[in-house]
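In my numbering, the protein residues as written are 106 to 280.
Ideal Cβ placement from N, Cα and C applies to all residues, glycine included.
No experiment lies behind these values; they were computed from the predicted model shown.
The structure under discussion appears below in the form of structure tokens.
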């Protein structure tokens, strides 16, 4: 049995890049779980499929917010982002992103608004994405599972959260 290959795991296919721009920041304070919660508005941004992913689309974020909480020990942040985007064809997409952020020193600098804060690489945030759509051409989004890596881009104009999402491709192996 030691040489038997373990099968049945899903694979990933690159699918979507989402960028949401951080707007207003509204601290809520410490909530019943002991976590510190802050509401980050995400009023603008883009959602776009990568070449080769179907259904292909481009959309602009027209509403969004992240109910971000930080664990009491400040080692992790908990993402709870929800938004609405509109495709170039005028169809609405309800998008949601939940995930975990490793609060490394360079990530803390961003949330502490330190003057030397800078863009962090992918790898500190991972998550899952779900979609609700009415457009029949986009129903694959509702009926699939998506996972992502995320990063925060620091620019003179503000902060942008970028996620690169892959669709989960189920295994068809029989072992």
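Can you have a look at residue i and say buried or exposed, based on whether 16 or more other CB atoms are within 10 angstroms of its CB?
i: residue 136; result: exposed
i: residue 173; result: buried
i: residue 274; result: exposed
i: residue 250; result: exposed
i: residue 278; result: exposed
i: residue 219; result: exposed
i: residue 133; result: exposed
i: residue 280; result: exposed
i: residue 178; result: exposed
i: residue 138; result: exposed
Could you round the C-beta distance between residue i and residue j to whole angstroms and report it? I think they count as a contact, below 8 Å.
i: residue 166; j: residue 125; result: 6 Å
i: residue 212; j: residue 225; result: 6 Å
Suppose the cutoff is 8 Å on Cβ atoms and the five residues either side in sequence are ignored; what does the same chain contact list for residue i look like?
i: residue 276; result: 112, 113, 114, 115 and 116
i: residue 254; result: 227, 228, 230, 231, 268 and 269
DSSP beta-bridge partners for residue i?
i: residue 255; result: 230 and 268
i: residue 139; result: Residue 139 pairs with nothing; no bridge assigned.
i: residue 118; result: 272
i: residue 132; result: 143
i: residue 123; result: 152 and 268
i: residue 162; result: Answer by DSSP bridge pairing: none, since residue 162 is not bridged.
Ignore the nearest five residues each way along the sequence and tell me which others in residue i's own chain have a CB closer than 6 Å to its CB.
i: residue 148; result: 128
Once you ignore the five residues that flank residue i on each side, which residues in its own chain have a CB closer than 7 Å to its CB?
i: residue 168; result: 148, 188 and 189
Taking three-plus beta-carbon pairs below 8 Å as touching, is the region 263 to 270 in contact with the region 237 to 244? no
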